[in-house]
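Here the sequence shown is numbered in my numbering, starting from 10 and rising by one per residue. This report concerns only the one structure given below.
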Amino acid sequence: MITPNSRTASLLRAAAERNVQVLYACESGSRAWGLASPDSDYDVRFVYRHPTEWYLRLHPGKDQIGPIMEHDGELDLVGWDVRKFLKHVTESNPNALEWLNSPIVYHQEGDFLPRCRAVADQYFQSRRTVHHYLGIARGARAAGEGDDGRWNVKKACYYIRSILAAAYATRHLARPPIVLEALMLEITDERVAVDLRKYMDRKASLNEKAVAPLPITLKRYFEVLGTSLLDESYRLPENRPDSDRGDDFFRYVIT
Numbered sequence: 010m011i012t013p014n015s016r017t018a019s020l021l022r023a024a025a026e027r028n029v030q031v032l033y034a035c036e037s038g039s040r041a042w043g044l045a046s047p048d049s050d051y052d053v054r055f056v057y058r059h060p061t062e063w064y065l066r067l068h069p070g071k072d073q074i075g076p077i078m079e080h081d082g083e084l085d086l087v088g089w090d091v092r093k094f095l096k097h098v099t100e101s102n103p104n105a106l107e108w109l110n111s112p113i114v115y116h117q118e119g120d121f122l123p124r125c126r127a128v129a130d131q132y133f134q135s136r137r138t139v140h141h142y143l144g145i146a147r148g149a150r151a152a153g154e155g156d157d158g159r160w161n162v163k164k165a166c167y168y169i170r171s172i173l174a175a176a177y178a179t180r181h182l183a184r185p186p187i188v189l190e191a192l193m194l195e196i197t198d199e200r201v202a203v204d205l206r207k208y209m210d211r212k213a214s215l216n217e218k219a220v221a222p223l224p225i226t227l228k229r230y231f232e233v234l235g236t237s238l239l240d241e242s243y244r245l246p247e248n249r250p251d252s253d254r255g256d257d258f259f260r261y262v263i264t
């Protein structure tokens with residue numbers, strides 16, 4: 010059984026073996042999204058820094074740790090060097106932004122997290138975010154919907170969450186929350202919200218490979234919403250941030 014102490018111990022051991030400092034660590038994936046199944050694993054993601062001299066080398070070293078699988082595959086550790094992570098943040102990469110938005114934080118060093126979130130807000134690109142999540146939704150549907158009309162329940166929830174994240178980015182021009190419960194506020198049809206809550210309650214008791222029909226109310230609503238969001242995305246404003254902000258924060262972190 011994985012405990013909070015064992016997760017922390019695995020994280021700190023991985024960092025110590027490589028002489029790096031963990032700046033931030035969080036849960037990613039289904040547990041962070043509020044979509045964990047009884048057999049969900051733990052996806053721990055972290056940002057780390059090397060000693061300052063490491064960044065002054067002519068040839069950059071490896072900028073990722075992991076994946077490291079422990080506890081018979083139940084614990085998955087992946088870390089990014091802070092330079093790699095901040096590059097993705099300043100490119101408004103939704104995967105990096107989800108790390109920053111995780112509601113499950115295992116470690117944060119000093120003021121790294123709030124300052125990094127402020128940088129992410131300045132560089133946020135709503136159109137890129139919408140296209141990313143709609144692409145995730147298409148992939149989840151392709152992988153999750155069977156010829157008999159039944160869905161892999163896990164993939165169905167990923168499909169819905171991705172469309173709601175795209176809706177949030179469109180309407181608020183801001184980083185979407187990653188928890189499905191929070192994203193449900195973007196649903197404008199009360200019947201759909203009720204049916205989705207029932208579906209989520211059912212999913213919580215099923216394993217990762219369970220299949221079940223997707224209620225027609227949900228299927229129709231999210232098909233229409235996804236199409237309208239794609240059309241609207243091309244009219245979203247483009248953000249042109251000050252590129253010095255990211256560089257300044259990077260120098261602050263490594264010195």
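In this text, a Cβ means the ideal position worked out from N, Cα and C, and glycines have one as well.
Inter-residue spacing [alpha-carbon to alpha-carbon] between residue i and residue j
| i | j | result |
| --- | --- | --- |
| Phe-259 | Ala-129 | 13 Å |
| Arg-22 | Gln-134 | 36 Å |
| Tyr-167 | Ala-183 | 20 Å |
| His-68 | Glu-154 | 46 Å |
| Val-139 | Phe-231 | 14 Å |
| Thr-197 | Ala-176 | 11 Å |
| Asp-85 | Ala-219 | 22 Å |
| Met-78 | Pro-112 | 22 Å |
| Asn-110 | Ala-18 | 23 Å |
| Ala-127 | Arg-229 | 37 Å |
| Arg-249 | Tyr-132 | 8 Å |
| Asp-251 | Asp-257 | 11 Å |
Residue span of the alpha helix (DSSP H) that contains residue i, given as start and end
| i | result |
| --- | --- |
| Met-209 | 199-212 |
| Val-188 | From DSSP, Val-188 is part of no alpha helix (DSSP H); its letter is neither H nor E. |
| Leu-245 | Taken as a continuous stretch (DSSP letters only), Leu-245 belongs to no alpha helix (DSSP H), as it is neither H nor E. |
| Pro-13 | 13-26 |
| Ser-135 | 135-153 |
| Trp-108 | 103-110 |
Buried or exposed by the 16-neighbour rule on C-beta atoms within 10 Å, applied to residue i
| i | result |
| --- | --- |
| Gly-43 | buried |
| Ser-37 | buried |
| Lys-207 | exposed |
| Asn-102 | buried |
| Pro-13 | exposed |
| Leu-2 | Nothing about residue 2 can be read from this structure; the chain reaches only from 10 to 264. |
| Ala-25 | exposed |
| Gly-158 | exposed |
| Asp-90 | buried |
| Tyr-243 | exposed |
| Ala-213 | exposed |
| Arg-225 | Strictly speaking, residue 225 in this sequence is Ile, with Arg absent from that position. Its Cβ having fewer than 16 others within 10 Å, Ile-225 is exposed. |
Same chain, Cβ closer than 8 Å to residue i, five either side skipped, listed in chain order
| i | result |
| --- | --- |
| Met-193 | Leu-173, Ala-202, Leu-205 and Arg-206 |
| Thr-264 | Thr-61 |
| Ala-178 | Ser-135, Thr-138, Val-139, Tyr-142, Arg-184 and Pro-185 |
| Ile-11 | Tyr-51, His-80, Glu-83 and Leu-84 |
| Arg-16 | Tyr-51, Val-53, Leu-84 and Tyr-115 |
Enclosing beta strand (DSSP E) for residue i [first to last residue]
| i | result |
| --- | --- |
| Phe-55 | 51-58 |
| Ala-127 | Careful: Ala-127 lies outside any beta strand (DSSP E), inside the alpha helix (DSSP H) at 121-132. |
| Glu-241 | Here Glu-241 belongs to no beta strand (DSSP E); instead the alpha helix (DSSP H) covers 225-242. |
| Asp-256 | No beta strand (DSSP E) holds Asp-256; the alpha helix (DSSP H) holding it covers 253-263. |
| Arg-159 | 159-161 |
| Glu-36 | 30-37 |
| His-116 | 114-117 |
| Leu-86 | 84-90 |
Sequence-distant residues of the same chain with beta carbon closer than 6 Å to residue i, five excluded per side
| i | result |
| --- | --- |
| His-59 | Val-29 |
| Glu-217 | Ser-46, Asp-48 and Lys-163 |
| Asp-253 | none |
| Val-87 | Arg-54, Gly-75 and Pro-76 |
Close beta carbons around residue i, own chain, < 7 Å, minus the five adjacent residues each side
| i | result |
| --- | --- |
| Ala-165 | Gly-153 and Leu-223 |
| Arg-150 | Tyr-168 |
Cβ-heavy atom distance, residue i to the ligand MG, below 6 Å
| i | result |
| --- | --- |
| Lys-207 | In the structure shown, the ligand MG is absent, as is every other ligand, since no ligand is present at all. |
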